[in-house]
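Participant: Before I ask anything, let me first share the structure, which is written out below as structure tokens.
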Amino acid sequence: MAAIELEDLSFRYRNQRGEPALRDVSLTVEEGEFLGVVGETGAGKTTLLSAMCGVIPFHTSGDRAGTVRVKGRAVEAYGSLSALSSAISMVLDSPENQLFNLHVFDEVIWGPENMGFDREEIIERGERALRLFGLEGFEDRITYTLSGGEKQKVAIASIYALSPEIILLDEPTSQLDPIGTEMVFEAIDQLIAEGVTIVMAEHKIEELAKYADRIAVLRGGELTHVDETRAFFLDGADHGVAPPQVTELGLELSRSGVDGFRIPLTLEEATAEYAGVLRREGPR
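If you want it as structure tokens, here you go:
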């Protein structure tokens, strides 16, 4: 069973003029997959994720057509955002908009408390989330004194404590420096290891190239390209998304006649591959 299925999804916000926010989007996200979603500001990425997790139509109204299914059920069949949150949840771009409690542990267990779990399970879920994301020792830290990366990790941990099978992330590193960004992707890597399905809207292509299984492009509310990550950057398709710099270098080397190496997508791959090229080719 697919984690998420979209069939001919279109959406126009109430009082929106011009083209709709989404137009005839069809997409399947498999269980355990990490799908990266890219596109310019205003391309429809947030709208897409909002439709996937039920914010549209349960919270945000407008003209909607097509079908969205989560774990084989239409989102409307769940009846409410609360019911749907046990299957799919969303992390916002700004952690300040998603943190409600003074202390870290209170924040992490806030969701399970509101879901009505018994005290023993609430504590167990909170402690497991802290361990998974390297937040042990943060229990009594004040949430607003944390760094941006730490705040986003707490926000992701609080979602994880609900045990959803699918987590959506809407540009979670947009306000973070490189250290904070790496912290967030380390947390996401833990989710991947746990078998959680991930859909992330993100501008930082280098990180998506390292972690994502597939990449989808939205342009003007339309899904214009979807492919496996390596093929996405190497097959020469005109999708308008530049590859990581280490990949661009590999493509240039290949075009200039250098062979015997695998074009890298990540810095780690590049270190190994280009070291071999330098040993074989020598200085020129």
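For the sequence shown, full-length UniProt numbering gives the first residue as 1, with consecutive numbering after it. Each residue gets a CB set at the ideal place from its N, CA and C atoms; glycine is no exception. Please read all numbers here as calculations on a predicted model, not as lab measurements.
CB ILE205 to CB VAL241, shorter than 8 Å?
Facilitator: Position 205 of the sequence shown, counted from the start, is the residue given in the question as residue 205. Position 241 of the sequence shown, counted from the start, is the residue given in the question as residue 241. The answer is yes: Cβ separation under 8 Å.
Participant: List in chain order: all unbroken alpha helix (DSSP H) runs of 4+ residues lying wholly within the segment 78–159.
Facilitator: Whole alpha helix (DSSP H) segments, 4+ residues: 81–84, 104–108, 110–115, 119–132.
Participant: For the alpha helix (DSSP H) containing THR47, list its first residue and its last residue.
Facilitator: For this step, residue 47 is matched to residue 47 along the sequence shown. Per DSSP, THR47 belongs to the alpha helix (DSSP H) from 45–53.
Participant: Hey, out of SER10, LEU208, LEU253, MET1, whose CA is closest to PHE232's CA?
Facilitator: Position 232 of the sequence shown, counted from the first residue, corresponds to residue 232. Of the candidates SER10, LEU208, LEU253, MET1, the one whose C-alpha sits nearest the C-alpha of PHE232 is LEU208.
Participant: From what residue to what residue does the beta strand (DSSP E) around VAL199 run?
Facilitator: Working through the sequence shown from its first residue, we reach residue 199 at position 199. In the DSSP assignment, VAL199 falls within the unbroken beta strand (DSSP E) covering 197–201.
Participant: Who are the near neighbours of HIS103 in its chain, counting only those whose CB is closer than 8 Å to its CB and skipping five residues on each side?
Facilitator: On the sequence shown, residue 103 is found 103 positions in, with the first residue counted as 1. Within the same chain, HIS103 has close Cβ partners GLU139, ASP140, ARG141, ILE142, THR143.
Participant: For GLY148, which option in LEU99, ASP189, ILE159 has the closest C-alpha, if you only look at C-alpha atoms?
Facilitator: Here residue 148 is taken as the residue at index 148 of the sequence shown, counted from 1. Taking only the C-alpha atoms, the option nearest GLY148 is LEU99.
Participant: Excluding five sequence neighbours on each side, which residues of the same chain lie with their C-beta closer than 8 Å to the C-beta of ASP189?
Facilitator: Position 189 of the sequence shown, counted from the start, is the residue given in the question as residue 189. So the qualifying residues of the chain are TYR211.
Participant: If the criterion is Cβ atoms closer than 8 Å, does the pair LEU267 and VAL25 meet it?
Facilitator: In the sequence shown, the residue the question calls residue 267 occupies position 267. In the sequence shown, the residue the question calls residue 25 occupies position 25. No, the Cβ-Cβ distance between LEU267 and VAL25 is not below 8 Å.
Participant: Take the Cβ of GLN16 as the centre, count every other Cβ of all protein chains shown within 10 Å, and call the residue buried at 16 or more, exposed below.
Facilitator: By one-based count along the sequence shown, residue 16 stands at place 16. For GLN16, the number of other beta carbons within 10 angstroms of its own is below 16, and it is reported as exposed.
Participant: Using DSSP with H/G/I as helix, E/B as strand and the rest coil, what is ARG69?
Facilitator: On the sequence shown, position 69 is the one that residue 69 refers to. Reduced to three states, the DSSP call for ARG69 is strand.
Participant: Output the boundary residues of the alpha helix (DSSP H) element that contains ARG255.
Facilitator: Along the sequence shown, read from residue 1 onward, the residue named residue 255 stands at position 255. It spans 245–255 - the alpha helix (DSSP H) in which ARG255 sits, taken as one unbroken run.
Participant: Quick check on the burial criterion: 16 or more other C-beta atoms within 10 angstroms. Buried or exposed for SER256?
Facilitator: By 1-based counting over the sequence shown, the position of residue 256 is 256. SER256 comes out exposed.
Participant: Out of curiosity, what's the CA-to-CA distance linking GLY40 and ARG219?
Facilitator: For the purposes of this step, residue 40 is taken as the residue at position 40 of the sequence shown. For the purposes of this step, residue 219 is taken as the residue at position 219 of the sequence shown. Residue identity check: residue 40 is Glu in the sequence provided, not Gly. Approximately 7 Å between the Cα atoms of the pair.
Participant: Counting pairs of Cβ atoms below 8 Å between the segment 146–160 and the segment 78–94, do you hit three or more?
Facilitator: yes
Participant: Is the Cβ-Cβ distance between GLY221 and PRO20 less than 8 Å?
Facilitator: As a working note, residue 221 is residue 221 in the sequence shown. As a working note, residue 20 is residue 20 in the sequence shown. For GLY221 and PRO20, yes; Cβs fall inside 8 Å.
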